[in-house]
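Encoded as structure tokens, the structure appears first; notes follow it.
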Amino acid sequence: MPSFISNFKERLRLPRLFFRKPSRAEQIHGGPPLEFERPIPPVPWRGMTVVVVLVVVAATTAWELYVRSIGYGPTLNDDEDLWTLRRRSVTPESVVVIGDSRGWYDVDLNEMEKGLGKRPVQLAMGGGCGYPVLADLANDKT
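Heads up, the sequence shown is in my numbering, so the first residue is 121 and it goes up one at a time.
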């Protein structure tokens with residue numbers, strides 16, 4: 121008695137196209153015959169490339185002008201170099217914000233500047249602890 125798996129083709133009654141025997145070239149090379157070649161349409165590829173580049177540049181320029189017109193501007197990446205520059209600007213009279221991400225994200229420096237009369241220096245670090253910064257500021261002789 122033939123099993124279900126061996127009788128699969130007859131049960132489905134699919135056309136012979138799906139279960140044809142591979143040709144000799146397909147058996148040797150493991151793929152379609154070697155004479156297969158996909159035709160490339162004769163279109164002006166260089167012109168299409170130039171048009172695409174011009175459209176991308178125009179769209180990027182338009183987007184940049186739009187976001188600048190509604191008030192956005194370039195920002196600095198918050199990294200060790202920027203933190204070091206801000207740390208060097210600390211003087212004995214400076215108001216310094218230290219701590220973790222809560223002090224970094226939740227403190228509005230513009231509002232503090234309005235209330236205090238001078239701009240505070242932001243030394244809070246996301247995911248960091250404020251104790252080493254506090255110790256460094258306490259041991260600073262300048």
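All residues carry an ideal CB built from backbone N, CA and C; glycine is no exception.
As a quick exercise: from the options, pick the residue whose alpha carbon is nearest that of residue i.
{"i": "proline 194", "options": "Leu205, Leu185, Glu200", "result": "Leu185"}
{"i": "aspartate 199", "options": "Thr262, Tyr251, Val170, Ala244", "result": "Ala244"}
{"i": "tryptophan 224", "options": "Arg166, Gln242, Val215", "result": "Gln242"}
{"i": "alanine 258", "options": "Arg207, Ser189, Met232", "result": "Arg207"}
{"i": "cysteine 249", "options": "Lys234, Arg239, Ile218", "result": "Ile218"}
{"i": "lysine 261", "options": "Met168, Pro212, Val176", "result": "Pro212"}
Where does residue i fall in DSSP's three states?
{"i": "valine 187", "result": "helix"}
{"i": "valine 173", "result": "helix"}
{"i": "valine 227", "result": "coil"}
{"i": "valine 241", "result": "strand"}
{"i": "valine 216", "result": "strand"}
{"i": "serine 221", "result": "helix"}
{"i": "valine 253", "result": "helix"}
Find out if the Cβ-Cβ distance for the pair residue i, residue j is shorter than 8 Å.
{"i": "proline 240", "j": "valine 216", "result": "yes"}
{"i": "serine 221", "j": "glycine 247", "result": "yes"}
When every heavy atom of the ligand NAD is checked, does at least one fall within less than 7 Å of the C-beta of residue i?
{"i": "glycine 247", "result": "The ligand NAD is absent from the structure shown, which contains no ligands of any kind."}
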